[in-house]
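Colleague: Residue numbers (the numbering used here), protein chains in the order written: chain A, 25 to 135; chain B, 12 to 123.
Backbone N, C-alpha and C fix where the C-beta goes; we use that ideal spot for every residue, glycine too.
I'd like to ask some things about the structure below.
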Amino acid sequence: NAGVTQTPKFQVLKTGQSMTLQCAQDMNHEYMSWYRQDPGMGLRLIHYSVGAGITDQGEVPNGYNVSRSTTEDFPLRLLSAAPSQTSVYFCASSYSNNEQFFGPGTRLTVL
Amino acid sequence: TQLLEQSPQFLSIQEGENLTVYCNSSSVFSSLQWYRQEPGEGPVLLVTVVTGGEVKKLKRLTFQFGDARKDSSLHITAAQPGDTGLYLCAGVGGTGGFKTIFGAGTRLFVKA
Numbered sequence: 025n026a027g028v029t030q031t032p033k034f035q036v037l038k039t040g041q042s043m044t045l046q047c048a049q050d051m052n053h054e055y056m057s058w059y060r061q062d063p064g065m066g067l068r069l070i071h072y073s074v075g076a077g078i079t080d081q082g083e084v085p086n087g088y089n090v091s092r093s094t095t096e097d098f099p100l101r102l103l104s105a106a107p108s109q110t111s112v113y114f115c116a117s118s119y120s121n122n123e124q125f126f127g128p129g130t131r132l133t134v135l
Numbered sequence: 012t013q014l015l016e017q018s019p020q021f022l023s024i025q026e027g028e029n030l031t032v033y034c035n036s037s038s039v040f041s042s043l044q045w046y047r048q049e050p051g052e053g054p055v056l057l058v059t060v061v062t063g064g065e066v067k068k069l070k071r072l073t074f075q076f077g078d079a080r081k082d083s084s085l086h087i088t089a090a091q092p093g094d095t096g097l098y099l100c101a102g103v104g105g106t107g108g109f110k111t112i113f114g115a116g117t118r119l120f121v122k123a
């Protein structure tokens, strides 16, 4: 099993550009989440999904969209990148409300 | 809004010393998890505590869940350089439902 995979590992964007961060898991987990991690602020939940076709907002959803068309994939879309979205983004999956398995992260810089 | 406060934010100690990290909230959680994160990687679960007053041991690490399920502590005995990393507590359930709320983390550095 590959676990949770994220692409790309690094990305530099200009303000106003859009992009999609990819996340995939091969553990047949129902729950998937996107977090951003900033210095001194821990992990903050952006969006999450409890199953294919079901998504909901987390603590900091503004500027981000998600969709969950399959159990395996949970892409995160930045609609119009802003410098405030410079961060490290982690995708995680879990079976119900148990242990979350995290991907290796995507380091995003918005200039 | 649920908040989890961790203390201290940063800890630098000598090998062999003991330490305790605290995680406090005004909210009640269904369970509390502790994760450890290495640089450049995602967090990895160390333990989940579920019952108020529960104590779990993982080799030199001892985890405790408060009686009211609002706080937790992580105690490391005889710290080693391999314990260096970012320790995150996470509250699961409670008023947030499925959402998991993370503390800001404690960055531990153990000097040889």
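#1: Please compile the residues from chain B whose C-beta is within a distance smaller than 8 Å of the C-beta of P128/A.
#2: Measuring CB atoms only, is the segment 54-61 of chain A touching the segment 18-32 of chain B, in the sense that at least three cross pairs come out at less than 8 Å?
#3: Report the residue ranges of all beta strand (DSSP E) runs contained in full by the segment 34-108 of chain B; include only those spanning at least 3 residues, in chain order.
#4: Between Q124/A and chain B, is any beta-carbon pair separated by less than 8 Å?
#5: For F114/A, which residues does DSSP report across the bridge?
#6: Which chain A residues are close to F120/B, counting only those with a beta carbon under 8 Å from its beta carbon?
#7: S23/B by DSSP, collapsed to three states: which one?
#8: Here's the rule: buried if 16 or more other CB atoms are within 10 angstroms of the residue's CB, otherwise exposed. What is K122/B?
#9: Cβ of D78/B within 8 Å of Cβ of G93/B?
#10: When the Cα atoms are used, what is the spatial distance from P32/B to D50/A?
#11: Verify the CB distance criterion: does G116/B have a CB-CB separation below 8 Å to chain A?
#12: Does G66/A get closer than 8 Å to chain B when you measure Cβ to Cβ?
#13: Residues in the segment 80-91 of chain A with C-beta within 7 Å of chain B's C-beta atoms, listed in sequence order?
#14: Please decide whether L99/B counts as near chain A, where near means a Cβ-Cβ distance under 8 Å.
#15: Give me the chain B residues within the contact set of L132/A, using Cβ-Cβ distance strictly less than 9 Å, ordered along the chain.
#16: Can you list the residues of chain B that F114/A reaches, using a CB-CB cut of under 9 Å?
#17: Using a beta-carbon distance below 8 Å, is T73/B in contact with chain A?
#18: Can you tell me where the beta strand (DSSP E) holding N8/A begins and where it ends?
#19: If I measure Cβ to Cβ from T44/A and keep anything under 6 Å in the same chain, skipping five residues before and after, which residues do I get?
#20: Of the choices E16/B, L30/B and V103/B, whose alpha-carbon is the least far from that of L72/B?
Modeller: Looking at the atomic coordinates:
#1: Under the 8 Å cutoff, chain B gives G51, E52 and G53.
#2: The segment 54-61 of chain A vs the segment 18-32 of chain B: no contact.
#3: Counting only runs of at least 3 residues, the segment 34-108 of chain B fully encloses the following beta strand (DSSP E) elements, listed from N- to C-terminal order: 42-48, 55-60, 66-69, 72-76, 82-87 and 96-103.
#4: It does; some Cβ of chain B falls within 8 Å.
#5: For F114/A, which the question treats as bridged, DSSP gives the partners Y59/A.
#6: Against chain A, a Cβ distance below 8 Å from F120/B picks out nothing, because the smallest value is about 16 Å.
#7: Residue state, collapsed to three classes: strand.
#8: Classification for K122/B: exposed.
#9: No, Cβ-Cβ distance for D78/B and G93/B is not below 8 Å.
#10: Looking at the sequence itself, residue 32/B is Val, so the reference to Pro does not match. A straight line joining the alpha-carbon of V32/B with that of D50/A spans about 34 Å.
#11: Look at G116/B: its C-beta is under 8 Å from a C-beta on chain A.
#12: True, the Cβ-Cβ gap to chain B drops below 8 Å.
#13: Result list: G82.
#14: Output row for L99/B: interface = yes.
#15: None at all; the shortest Cβ gap to chain B is about 14 Å.
#16: Under the 9 Å cutoff, chain B gives G53 and P54.
#17: So no, T73/B is outside the interface.
#18: Residue coverage of chain A in this structure runs from 25 to 135, which leaves residue 8/A outside it and unanswerable.
#19: Result list for T44/A: P99 and R101, in chain order.
#20: For L72/B, the nearest C-alpha among the options comes from L30/B.
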